[in-house]
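Encoded as structure tokens, the structure appears first; notes follow it.
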Amino acid sequence: MTGRARKKGSTPAPSAPPDDRLRLGGTGRSHPAIGLGLWALGRWTREDEARTQATAARALEAGVRWFDTAEVYGTGRSERILGDVLRRRAGGGDEVFVTTKVSWEHLRPAQVRSALIGSLARLGLSSVDVYLVHAPDPHVSITETMGVLEELWTEGKIRAVGVSNFSLTELHAARAALSKAPLVVNQVLYNLFDREEGDALADYCRAERIVLEAYTPLARGLLTGRYLDQEKPPAEVRRFAHRLFSPDLFPIYRERARALRALAVAAGIPMAALALGWLRRRGAAPVFGASRPEQVDEILAAWAARPSEDVLDRADAIARGERA
Ligand SMILES: NC(=O)c1ccc[n+]([C@@H]2O[C@H](COP(=O)([O-])OP(=O)(O)OC[C@H]3O[C@@H](n4cnc5c(N)ncnc54)[C@H](OP(=O)(O)O)[C@@H]3O)[C@@H](O)[C@H]2O)c1
């Protein structure tokens, strides 16, 4: 990334607030167009927790309003850290938009209820903005799960229902199982390099006014310019983003990423602006990860840089392996 060097101890002015919004279909409410995810790749040592806390606090200070977490992230630690950050915030936490998820292992009605109670307690909230099914479980009927989510929505404990990692077919089934509450979000893997299902889902979601939340928007840093020269992807990155970083595919994607870097340099924008601008143009809402406050600043600066349509067309072609 092309972050500006900062003097030790100095506090930078917050970036322009990333306050653009998408409509949250059927609710009359809106959904922040970019958010910070607090998965932290399973690094949950005490030092990592402190860094995650500082990173989330930095994002809040810089105007990020959407925070994504899940009961499985650090087995509750991520939700607890977010809860702490929100509690410490001057003026309370009413303006933030929080998404959390029920584990794919807890999709029976009684399990969903108790998972939500645990999440709300850790977050220190009385309701969440969108409660997502983290991933489908083929052994539990979606009708059962959606039934209890609709009850929780009626009770006001969740403000909207969402899903994650649902294919188009699974999304249809989930929507059909709801009678009153709209399904407002599908959160999926989607970035310039990981897009087979995502492209079709993005088209469908845009037409149906469902927000497509794009996770891993930076391809674990590859789309910020990481791992293009000396730095090698560490084992944890290879493990969690295995397709792009597999031994046979990585050299191909590294070459494409180098071409994207050259495009960004020529356009005078940070490389991540291509990844984020491309998602914005597809109507998707990126939920990015960061392990240090400085990364938040760099990503927000990239979000604020608006690449031209022509540059985005060329980025799209490069990412697909065509010559720009
Ligand atoms: N629903 C699901 O199943 C699911 C699955 C995965 C993720 N998610 C959500 O999506 C969020 C983001 O996922 P992700 O972490 O895979 O996405 P990502 O945004 O593609 O990757 C984040 C990583 O990129 C690197 N990075 C970020 N900014 C950088 C910068 N300015 N310069 C250099 N490197 C930078 C950091 O790596 P280092 O930390 O190594 O420096 C950071 O941890 C998660 O936190 C979670 O909320 C959801």
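Per the numbering used here, the sequence shown starts with residue 33, numbered consecutively. For every residue, glycine included, the Cβ atom is placed at its ideal position computed from N, Cα and C. Remember, predicted model here, so these are calculated numbers, not experimental data.
Query raised in the report: Under the DSSP definition of a beta bridge, which residues are partnered with W136?
Result: Answer by DSSP bridge pairing: none, since W136 is not bridged.
Query raised in the report: Got a sec? Which residues, its chain only, sit under 7 angstroms from H265 by beta carbon, not counting five neighbours each side?
Result: First, the residue type needs correcting, since residue 265 is Pro and not His in the sequence shown. Excluding residues within five positions, the ones whose Cβ falls inside 7 angstroms are Y259 and F277.
Query raised in the report: What span of residues does the beta strand (DSSP E) with D100 cover, start to end?
Result: W98 to D100
Requested in this report: Can you grab the Cα-Cα spacing for the pair V216 / R75, in whole Å?
Outcome: 30 angstroms
**Report entry** DSSP-derived helix/strand/coil call for T248
**Finding:** coil
**Report entry** Residues near R121 by beta carbon distance below 7 angstroms, same chain, minus five either side
**Finding:** L92
Query raised in the report: Where does G156 fall in DSSP's three states?
Result: coil
Query raised in the report: Anyone know if the C-beta pair for A395 and G67 falls short of 8 angstroms?
Result: Outside the displayed span of the chain (33 to 356) sits residue 395, for which this structure offers no information.
Query raised in the report: Is any heavy atom of ligand 1 found at a distance shorter than 7 angstroms from the C-beta of D100?
Result: yes
Report task. Would you mind reading off the limits of the beta strand (DSSP E) that contains L114? Result -> Run containing L114: none in the beta strand (DSSP E); it sits in the alpha helix (DSSP H), R109 to R120.
Query raised in the report: Considering only C-alpha positions, which residue in the set L244, L311 and I149 is nearest to G57?
Result: L244
Query raised in the report: Is E111 buried or exposed, if buried means 16 or more other CB atoms sit within 10 Å of its CB?
Result: buried
Query raised in the report: With 16 other CB atoms within 10 Å as the buried threshold, where does S196 fall?
Result: buried
**Report entry** Simplified DSSP state of I66, which is helix, strand or coil
**Finding:** Coil, per DSSP.
Query raised in the report: Which stretch, first to last residue, makes up the alpha helix (DSSP H) that contains F272?
Result: Per DSSP, F272 belongs to the alpha helix (DSSP H) from A267 to F272.
Query raised in the report: DSSP state of S340, grouped into three classes?
Result: coil
Query raised in the report: In whole angstroms, what separates the C-alpha of L210 from that of W98?
Result: 25 angstroms
Report task. Go ahead and label I24 buried or exposed: buried means 16 or more other beta carbons lie within 10 angstroms of its beta carbon, across all protein chains shown. Result -> This structure gives no information on residue 24, because the portion of the chain shown stretches from 33 to 356.
Query raised in the report: Around the C-beta of P231, are 16 or more other C-beta atoms found within 10 angstroms, so that it is buried, or is it exposed?
Result: Pro is not the amino acid found at residue 231; the sequence shown has Asp there. Result: exposed.
Query raised in the report: Going by the C-beta, is E354 closer than 7 angstroms to any heavy atom of ligand 1?
Result: no
Query raised in the report: In the structure shown, what three-state DSSP assignment does S146 receive?
Result: Note: S146 maps to helix in three-state DSSP.
Query - Beta-carbon gap between L70 and T101 smaller than 8 angstroms - result: yes
Requested in this report: Take A334 and list the residues in its own chain whose beta-carbon comes closer than 6 angstroms to its own, dropping the five residues that flank it on each side.
Outcome: P302, A304, A305 and L308
Report task. Express the C-alpha separation of A246 and Y222 in angstroms, rounding to a whole number. Result -> 5 angstroms
Query raised in the report: Mind checking whether L164 and V130 have CB atoms under 8 angstroms apart?
Result: no
Query raised in the report: Who are the near neighbours of R355 in its chain, counting only those whose CB is closer than 8 angstroms to its CB and skipping five residues on each side?
Result: A349
Report task. In angstroms with no decimal places, state the Cα-to-Cα distance between A294 and A167. Result -> 37 angstroms
Query raised in the report: Span of the beta strand (DSSP E) holding V195?
Result: V193 to S196
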